[in-house]
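So the sequences go chain by chain: X and C. Per my numbering, the first sequence starts with residue 14, numbered consecutively. Per my numbering, the second sequence starts with residue 14, numbered consecutively. Encoded as structure tokens, the structure appears first; notes follow it.
Protein chains: 2
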Amino acid sequence: MKLDINGILNAQRLAITRALSFVENTNDLDMSLTDALFPNLGKAYRIGITGPPGAGKSSLVDRLIGYWRAADKKVAIISVDPTSPFTGGAILGDRVRMGRHYADKNVFIRSMATRGSQGGLALRAQDAADVFDAAGFDIIMYETVGVGQVELDVAQAADTTVVVLVPESGDDIQAMKAGLMEIADLFVINKADRQGANQAFAQIQAMLEMRHPEDGIWAAQVVKTSALQGEGMTSLTDAIEAHQDFLHKTGIIRQNFRQRTRAKIQTRVEKNILNEFWNPQKQAMLDEVMETENLELLSPSQIVNSILNN
Amino acid sequence: MKLDINGILNAQRLAITRALSFVENTNDLDMSLTDALFPNLGKAYRIGITGPPGAGKSSLVDRLIGYWRAADKKVAIISVDPTSPFTGGAILGDRVRMGRHYADKNVFIRSMATRGSQGGLALRAQDAADVFDAAGFDIIMYETVGVGQVELDVAQAADTTVVVLVPESGDDIQAMKAGLMEIADLFVINKADRQGANQAFAQIQAMLEMRHPEDGIWAAQVVKTSALQGEGMTSLTDAIEAHQDFLHKTGIIRQNFRQRTRAKIQTRVEKNILNEFWNPQKQAMLDEVMETENLELLSPSQIVNSILNN
């Protein structure tokens, strides 16, 4: 595939689309796009929006798009689809809900599947975000259904991580505590017109107050919204911008860029090493061992050692 | 930690508990337990139960435990907790619901977290299942909230993969089609007393009929249950046993064991290689590059190459 780097840098839609397809389909060892974009990175602000199915993430994202478009910012959305049979429907619905922005040339919405991609979000979706960054998009949002490893990946890929909950999440907040504190810069209680919103809000605030934030450490915030009705959005965008200011003042935004680059380098190094190791001879050794009639008479550690050392 | 291999083989509870802790906490390179158990594997039947939150998986598992206990089988349950902030609560609830079997010495219920473990379920939960297999358990059930990568891991780790849905899943089945077909040996429409059960059942059957199963290929089945009320359980256990018979007759059960062993060997080989590669000198190279003032003037592929080649 021919990559049109100048086209990307000039924000040409066709060049961007082709680069995104390249990111999804290319061999993991090909770094031509990475190299070409690298000097042009670091301008976009990256926001991760994560939360359980049904929390209203896409309505929230839709409102945020509207907010930044009103400020004449260019916005890209990467919908990270864990390609689960169980979330397939939800994601399809999301796309429809954000549809009103499809015609806007300064909004770019892209769904990405992470299934099968080792290192998942951390590699491919970040490469996609790099395309948008180089193309001059101001805001990049990752939207994803957060389960397990996915939130950690989002937190690593984003400057600001927003965890979206609903009033009914209240009961679970105690159980979620450790996991949530690890990743969230901001909490949103969405659908706050429903019963229990104040209680969920108070629970999260109590949880946050148990931390004693020091200088140079961000104190996570919680806000209430009703995204469908457009309520509470100012408190959310204020909080995002407060976090953004904090990252700039402390220089953490630069560290984020360095850490993402480090992870990118490390992943590529490891893929190269493993790719080189599993040459046809080593693969044949593994195949042959597995053909052994009485496999259980072998010692797994001896097999590992013989593959390593021969 | 001292491992009591004889204790495990004699199904001593303390020895099993210690071995499971070893599996969760040990260094990935230590193969002492793997080696010791390997000659004693291959007797247990492994069943994966996966589905979205709220599908009633734990009630179903509870009923299945009862069924196999009535047949005097020893049953182990590995609750795979993706350690998501969003599923934490559900898993806690599950444990409570299966509580009535806790006092039964021939039932062993263990929760495992997969967060942070590269290769997740595929490595640690399989090692845990191996402990139960060697200890003479007849049935091992993995119970997990299926999202994204997790179902694929379950399908790899299990002989029979059961996907649990609810009548309301109907709307999503079309969207889920490809992902579901890939992993499910059996579908369960649970909570079948609720509206839409027949429709969901018909949708899945129509989906299954579009496949033209050949000789030697399992034709996936769908059953309706109301696990809480204990209804439909015979059709489920019949279907599981039909699949089990099929795997034995075709010899696929033996291939499953070989494939799991192969994956285990490959993962350990790769962990060894990467562990050896990232010696202090290579780590220092990566650290040093990341300290560069004008990082964006560097070429990522050159950094990768210099780390690989020096």
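Beta carbons: idealized from backbone N, C-alpha and C, even for Gly.
Can you give me the Cβ contacts of residue i inside the same chain, cut-off strictly under 7 Å, excluding the 5 residues immediately before and after it?
{"i": "Ala-53 of chain X", "result": "For clarity, residue 53 of chain X is Asn in the given sequence; the question names Ala instead. Leu-22 and Ala-147."}
{"i": "Val-74 of chain X", "result": "Ile-62, Ile-90, Met-111, Met-154 and Glu-156"}
{"i": "Leu-249 of chain X", "result": "Val-201, Val-236 and Thr-238"}
{"i": "Ala-32 of chain C", "result": "Leu-16, Ile-21, Leu-46 and Val-144"}
{"i": "Phe-259 of chain C", "result": "Trp-231"}
{"i": "Pro-98 of chain X", "result": "Summary for Pro-98 of chain X: the model assigns pLDDT 48, below 50, so the residue's position carries little reliability, and this model does not support an answer."}
{"i": "Leu-308 of chain X", "result": "none"}
{"i": "Ala-24 of chain X", "result": "Ala-148 and Gly-149"}
{"i": "Glu-254 of chain C", "result": "none"}
{"i": "Asp-41 of chain X", "result": "Lys-284"}
{"i": "Asn-288 of chain X", "result": "Leu-42"}
{"i": "Gly-64 of chain C", "result": "Lys-70, Gly-159, Val-176, Val-177 and Leu-178"}
What residues of chain X sit near residue i, judged by a beta carbon separation below 8 Å?
{"i": "Leu-54 of chain C", "result": "Glu-309"}
{"i": "Arg-271 of chain C", "result": "Met-303 and Leu-308"}
{"i": "Thr-47 of chain C", "result": "Pro-313 and Ser-314"}
Considering Cα atoms alone, identify which of the options is closest to residue i.
{"i": "Ile-136 of chain C", "options": "C:Ala-215, C:Arg-275 and C:Arg-224", "result": "At residue 136 of chain C the sequence reads Leu, which differs from the Ile that was named. Of the candidates C:Ala-215, C:Arg-275 and C:Arg-224, the one whose C-alpha sits nearest the C-alpha of Leu-136 of chain C is C:Arg-275."}
{"i": "Glu-301 of chain C", "options": "C:Leu-287, C:Ile-286, C:Met-246 and C:Ser-319", "result": "C:Ser-319"}
{"i": "Phe-290 of chain X", "options": "C:Gln-257, C:Lys-86 and C:Leu-321", "result": "C:Leu-321"}
{"i": "Ala-297 of chain X", "options": "X:His-261, X:Asn-323 and X:Asp-228", "result": "X:Asn-323"}
{"i": "Gln-272 of chain C", "options": "C:Pro-293, C:Ala-168 and C:Gln-212", "result": "C:Ala-168"}
{"i": "Gly-79 of chain X", "options": "X:Arg-281, X:Leu-311 and X:Thr-247", "result": "X:Thr-247"}
{"i": "Ser-92 of chain X", "options": "X:Ile-266, X:Lys-295, X:Ile-286 and X:Met-125", "result": "X:Met-125"}
{"i": "Glu-37 of chain X", "options": "X:Gln-139, X:Thr-174, X:Asn-292 and X:His-114", "result": "X:Gln-139"}
{"i": "Asp-228 of chain X", "options": "X:Leu-221, X:Thr-263 and X:Ala-197", "result": "X:Thr-263"}
{"i": "Ile-11 of chain X", "options": "C:Gln-216, C:Lys-295 and C:Ile-217", "result": "Because chain X here runs from 14 to 323, residue 11 of chain X falls outside it and cannot be looked at."}
{"i": "Asp-251 of chain C", "options": "C:Lys-284, C:Ala-142, C:Lys-56 and C:Val-175", "result": "C:Val-175"}
{"i": "Met-194 of chain X", "options": "X:Ala-171, X:Met-220 and X:Gly-64", "result": "X:Met-220"}
{"i": "Leu-77 of chain X", "options": "X:Arg-113, X:Phe-270, X:Phe-35 and X:Ala-215", "result": "X:Arg-113"}
{"i": "Lys-56 of chain X", "options": "X:Asn-288, X:Gln-257 and X:Arg-281", "result": "X:Gln-257"}
{"i": "Gly-209 of chain C", "options": "C:Gln-315, C:Ser-182, C:Glu-222 and C:Arg-224", "result": "C:Ser-182"}
{"i": "Ala-142 of chain X", "options": "X:Val-177, X:Ser-34, X:Arg-207 and X:Gly-245", "result": "X:Ser-34"}
{"i": "Ala-171 of chain X", "options": "X:Tyr-115, X:Asp-206, X:Phe-270 and X:Met-223", "result": "X:Phe-270"}
{"i": "Met-213 of chain C", "options": "C:Asp-166, C:Phe-51, C:Gln-268 and C:Val-177", "result": "Position check: residue 213 of chain C holds Ala in this sequence, whereas Met was assumed. The option with the nearest alpha carbon to Ala-213 of chain C is C:Val-177."}
{"i": "Arg-123 of chain C", "options": "C:Asp-166, C:Thr-30 and C:Met-44", "result": "C:Thr-30"}
{"i": "Asp-166 of chain C", "options": "C:Phe-51, C:Ile-60, C:Gly-245 and C:Tyr-115", "result": "C:Ile-60"}
{"i": "Ala-116 of chain C", "options": "C:Ala-49, C:Arg-26 and C:Gln-315", "result": "C:Arg-26"}
Pull the bridge partners of residue i from the DSSP assignment, please.
{"i": "Val-177 of chain C", "result": "C:Val-201"}
{"i": "Lys-237 of chain X", "result": "X:Ile-202"}
{"i": "Ile-62 of chain C", "result": "C:Glu-156 and C:Val-175"}
{"i": "Met-125 of chain X", "result": "X:Val-93"}
{"i": "Glu-304 of chain C", "result": "Note: Glu-304 of chain C sits in no beta bridge, so no partner."}
{"i": "Glu-283 of chain C", "result": "None, per the DSSP bridge assignment."}
{"i": "Val-120 of chain X", "result": "X:Val-88"}
{"i": "Glu-244 of chain X", "result": "X:Ser-239"}
Name, please, each residue of chain X whose Cβ falls closer than 7 Å to the Cβ of residue i.
{"i": "Arg-281 of chain C", "result": "Val-317"}
{"i": "Asn-38 of chain C", "result": "Residues of chain X passing the Cβ test: none, with the nearest at roughly 18 Å."}
{"i": "Phe-290 of chain C", "result": "Ile-286"}
Going along chain C, which residues have a C-beta under 8 Å from residue i?
{"i": "Phe-51 of chain X", "result": "Glu-309, Leu-311, Ser-312 and Pro-313"}
{"i": "Thr-274 of chain X", "result": "Met-303, Leu-308 and Pro-313"}
{"i": "Asn-285 of chain X", "result": "Val-317 and Leu-321"}
Looking only at its own chain, which residues have a Cβ that is under 6 Å from the Cβ of residue i, when we skip the five neighbours before and after it?
{"i": "Leu-241 of chain X", "result": "Ser-72"}
{"i": "Ala-28 of chain C", "result": "Asp-17, Gly-20 and Ile-21"}
{"i": "Gly-69 of chain C", "result": "Asn-203, Lys-204 and Ala-240"}
{"i": "Ile-152 of chain X", "result": "Tyr-58, Trp-81, Lys-86 and Val-88"}
{"i": "Asn-119 of chain C", "result": "Lys-87"}
{"i": "Thr-39 of chain C", "result": "none"}
{"i": "Gln-131 of chain X", "result": "Residue placement at Gln-131 of chain X is poorly supported in this model, since its pLDDT is 49, which falls under 50; the coordinates still yield a value, given next. No residues qualify anywhere along the chain."}
{"i": "Val-317 of chain C", "result": "none"}
{"i": "Gly-129 of chain C", "result": "Residue placement at Gly-129 of chain C is flagged as unreliable, the pLDDT there being 49, under the threshold of 50; the coordinate-derived value follows with that caveat. Cβ within range, chain order: n/a, list empty."}
{"i": "Arg-207 of chain C", "result": "Pro-180"}
Can you list, in chain order, the residues of its chain whose CB lies under 8 Å from that of residue i, leaving out five sequence neighbours each side?
{"i": "Pro-313 of chain C", "result": "none"}
{"i": "Leu-311 of chain X", "result": "Val-302 and Thr-305"}
{"i": "Gln-218 of chain X", "result": "Val-235"}
{"i": "Leu-105 of chain X", "result": "Its pLDDT being 46, under 50, Leu-105 of chain X is placed unreliably in this model, and the value from its coordinates should be taken loosely. Result list for Leu-105 of chain X: empty, nothing under 8 Å."}
At a CB-CB cut-off below 9 Å, which residues of chain C make contact with residue i?
{"i": "Leu-299 of chain X", "result": "Arg-275, Ile-278, Gln-279 and Val-282"}
{"i": "Met-44 of chain X", "result": "Ser-312, Pro-313, Ser-314 and Val-317"}
For residue i, would you say it is in contact with chain B, using Cβ-to-Cβ distances shorter than 8 Å as the test?
{"i": "Asp-166 of chain X", "result": "Absent here is chain B; the protein component of the structure consists of chains X and C."}
Contact the stretch 227–235 of chain C vs the stretch 196–210 of chain C: 3+ CB pairs below 8 Å: yes
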